[in-house]
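Be aware that the sequence shown starts at 5, since it is given in the working numbering, and climbs by one per residue. Only one structure is covered here, and it is reproduced in the block below.
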Amino acid sequence: MKGKVFQVVSFVMVFLIMGFMISMEFKTIQGSVKTAADTSRGSSVNVDELSSELQNMTDERNALKQQVAELNKKLDELNSSSSKYEATLNALSQDVEKYKELAGFTAMTGPGVIVTLNDSDLQPKDGEDPNMFLVHDEDLIKVVNELKAGGAEAISINDQRLIATSEIRCVGPTININSTRYAPPYVIKAIGNPDTLEASLNLKGGIVDTLKYYGIKVNIQTSKNIVVPAYTDPISLKYAKATN
């Protein structure tokens, strides 16, 4: 009798232990399933966030690419405009330099002639005007005009560049050239064809023959390299104005 009771109690204890173990295992499995579900849900949330951020970054990248493309286009347009502006500026600069040369504001070099005039050493005879044996402003003007007629492209007297407003006039025993007084000798430099310039001065009955008649010393030299300086004095026009 005691042996049967012991067996029954033993079976009950075994069943209780087995039930407890099964219960614990079920809870463990349930917890694992819940954890797995939570983990899966969390991963899904992270993937969605990352996908959203990736899309935002892609949109930003595309927007930046578009801005870069627009900036490159504007840069190309600017470079094109700059090239056109530079070409126009270069053309204008060349025109300015050309007009400066023609106006006498640039030093020039080239072949030509050097004409030196000095007062005569002859003594006037009775009744002769002593002034006829001196170099006057009109003599310089006549020589300059003959050189211009011979094609002179740049002229100076005693290194004073002659321009449109230059004056050549007597002031007592001296001659004013560009508001500066000079005494003889007068050295006239002219750039052009040397042979043509020399021939224009030596015309029969021309200015050189007239000067030599009164003993005015005239020396003409041709040269392959003459330097005519630029006009450097300031110019201001008080009355003349450009017309539109």
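Ideal Cβ placement from N, Cα and C applies to all residues, glycine included.
Whole-angstrom C-beta distance between residue j and residue i, which should lie under 8 Å
i	j	result
Ile172	Asp133	The pair is not a contact, with the Cβ atoms about 21 Å apart (cut-off 8 Å).
Val212	Leu205	5 Å
Pro249	Ala187	An answer regarding residue 249 cannot be provided, because it is not within the stretch 5 to 248 covered by the chain.
Lys245	Pro115	Lys245 to Pro115, Cβ: 38 Å. No contact.
Residue i, buried or exposed, once every other Cβ within 10 Å from all chains shown has been counted against 16
i	result
Asp63	exposed
Ile4	Given a span of 5 to 248 for the chain in the structure shown, any question on residue 4 remains unanswerable.
Ala40	Here the model assigns Ala40 a pLDDT of 48, short of 50, so the residue's position is not dependable and the matter cannot be decided.
Ser160	buried
Gln164	buried
Ile33	In this prediction, Ile33 scores a pLDDT of 49, lower than 50, which makes its location untrustworthy; the coordinate-derived value is nonetheless stated afterwards. Label assigned to Ile33: exposed.
Enclosing alpha helix (DSSP H) for residue i [first to last residue]
i	result
Ser204	Pro198 to Leu205
Lys152	Asp141 to Ala153
Ile211	Ile211 to Tyr217
Contacting residues, own chain, Cβ-Cβ under 8 Å from residue i (five flanking each side not counted)
i	result
Ser86	none
Met5	With a pLDDT of only 49 at Met5, under the threshold of 50, the placement of this residue in the model should not be trusted, and no figure is reported.
Residue i, enclosing beta strand (DSSP E) - first and last residue
i	result
Ile195	Tyr190 to Ile195
Gln225	Lys221 to Val232
Gly116	Met112 to Asn122
Tyr243	Neither: Tyr243 is in no beta strand (DSSP E) and is coded neither H nor E.
Ala158	Ala158 to Ile161
Glu180	Checking the sequence shown, residue 180 turns out to be Asn, not Glu. First-last of the beta strand (DSSP E) with Asn180: Thr178 to Ile181.
Ile172	Ile172 to Val175
Residues near residue i in its chain [Cβ-Cβ closer than 6 Å; skip 5 each side]
i	result
Asn223	Thr120
Leu138	Asp123
Within-9 Å CB hit, residue i to chain B
i	result
Ile145	Looking for chain B here will not work: only one protein chain is present.
task: Answer yes if the region 103-119 comes into contact with the region 176-196, meaning at least three C-beta pairs across the two stretches below 8 Å, and no otherwise.
output: Counting Cβ pairs under 8 Å, three or more are found: they touch.
query: Would you call the region 218-227 and the region 124-133 touching, i.e. three or more CB-CB distances under 8 Å?
result: Contact holds: three or more Cβ-Cβ distances are below 8 Å.
message: Pairs of beta-carbons, one from the region 163-171 and one from the region 94-108, closer than 8 Å: are there three or more?
response: By the Cβ test, the region 163-171 is in contact with the region 94-108, since at least three Cβ pairs between them sit closer than 8 Å.
query: Are three or more beta carbon pairs between the region 224-244 and the region 141-155 nearer than 8 Å?
result: Between the region 224-244 and the region 141-155 there are fewer than three C-beta pairs closer than 8 Å, too few to call the two in contact.
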